[in-house]
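Encoded as structure tokens, the structure appears first; notes follow it.
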């Protein structure tokens, strides 16, 4: 019988976070197969067309209404309130595109890609193909220092080893990255667009012309509406507020899920690789709505194609099963999840601060 693979836990895990206690080891190779049978028998992998019909309709109505208010309100500084609302709406559109990409909504790849590109490229100005490729690599190796693009060193660093050689502006940011985390999120939306454009300039991406055309349509229409309706100063302020809110919302949605959780070696079996690197966020229907169901991150990583409403129903099954298999199942509240992520960022930057003393 193989021994469950262990991953070093967060050395400063908060007492408010709950972890299911191991009961007995199981054969690692069969763990996920048995869990998958339980989830399948419970019918939780079945698509929910009625739910997504309502959700798509509501998000589409919010999107259209937000844009319709702009010409109705005209040249006014009250448009900054509309820009704030627009940031929230764009985030909900992005969360919907996420579900489409995971084939939670439509059965076939063709319709999923068609809707995904329309929603992402034309709707919010982000390359669907680039994001899907990046997000797939994240799901395959969550929190892996070399294989997960979400933790690879860029402006922020998530592993102490990445601090070596950081100087200048990057060194300054990494020394203080815990305090700068939320301010930097205001730039996330712009970064996604820049990364999308860079990806579309590289040959090899499927449907590159279509994606570029849809993104260009978004950018031209966005600029045209603002410049026709608003003064230049108001248009610039609208742009800044809109994308700052959008970036912060997206960052606050994804940051609690893995940041500050263990970094695996990549040798773990599927069940442990997904569960031990993920963190669930407790809360009710409002949390589910605000975070698009991604607060049930463990269940989402184990079953990416599971419709968002079923993630909550899968939670007690997965949690009980992890307890039987001796796999730590972490969940905590939203505020504590940010505290853990920020503490991790602060600790990673410690070598850089020590080198300055």
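Residue numbers (my numbering): 431 to 787. For glycine and all other residues, C-beta sits at the position ideal for the given N, C-alpha and C.
1) How big is the Cα-Cα spacing for residue 617 and residue 778?
2) Going by DSSP, what residue range makes up the alpha helix (DSSP H) through residue 761?
3) Quick check on residue 456: does DSSP put it in helix, strand or coil?
4) In the structure shown, what three-state DSSP assignment does residue 466 receive?
5) Could you compute how far the alpha carbon of residue 674 sits from the alpha carbon of residue 510?
6) Taking buried to mean at least 16 other C-beta atoms within 10 Å of its own C-beta, is residue 433 buried or exposed?
7) State the DSSP-derived secondary structure class of residue 554, mapped to helix, strand or coil.
8) Less than 7 Å between C-beta atoms, sequence neighbours within five positions excluded: which residues of the same chain meet that for residue 690?
9) Measuring CB to CB, does residue 672 end up less than 8 Å from residue 513?
10) Give the range of the alpha helix (DSSP H) segment to which residue 542 is assigned.
11) DSSP beta-bridge partners for residue 710?
12) Taking a contact to mean a Cβ-Cβ separation below 8 Å, would you say residue 542 touches residue 549 in this structure?
13) If you follow the alpha helix (DSSP H) that residue 506 is in, where does it begin and where does it stop?
14) Could I get the ranges of all uninterrupted beta strand (DSSP E) runs contained in the stretch 669-731, with 3 residues as the minimum, in chain order?
15) Inspect the CB distances between the stretch 759-770 and the stretch 482-491 and report whether three or more fall short of 8 Å.
16) Buried or exposed: where does residue 501 fall if 16 or more other Cβ atoms within 10 Å of its Cβ makes it buried?
17) Leaving aside the five residues before and after residue 569 along the sequence, list all residues of the same chain whose C-beta is less than 7 Å from its C-beta, in chain order.
18) My output table needs one value for residue 497: the three-state DSSP class, helix, strand or coil.
19) In terms of residues, what are the limits of the alpha helix (DSSP H) holding residue 741?
20) Are the Cβ atoms of residue 759 and residue 711 separated by less than 8 Å?
21) Please classify residue 628 as buried or exposed, where buried requires at least 16 other C-beta atoms within 10 Å of its C-beta.
Quick answer:
1) 22 Å
2) Element bounds for residue 761: not the alpha helix (DSSP H) but the beta strand (DSSP E), 760-762.
3) A caution first: residue 456 carries a pLDDT of 43, below 50, which makes its placement in the model unreliable, though a value can still be read off. Of the three classes helix, strand and coil, the one that applies to residue 456 here is coil, per DSSP.
4) helix
5) 12 Å
6) Note on residue 433: pLDDT 31, under 50, position unreliable in the model; no value is reported.
7) helix
8) 440, 770, 771, 773 and 774
9) yes
10) 539-547
11) 761
12) no
13) Residue 506 -> no alpha helix (DSSP H), and no H or E assigned at all.
14) none
15) no
16) exposed
17) 731 and 734
18) helix
19) 738-755
20) no
21) exposed
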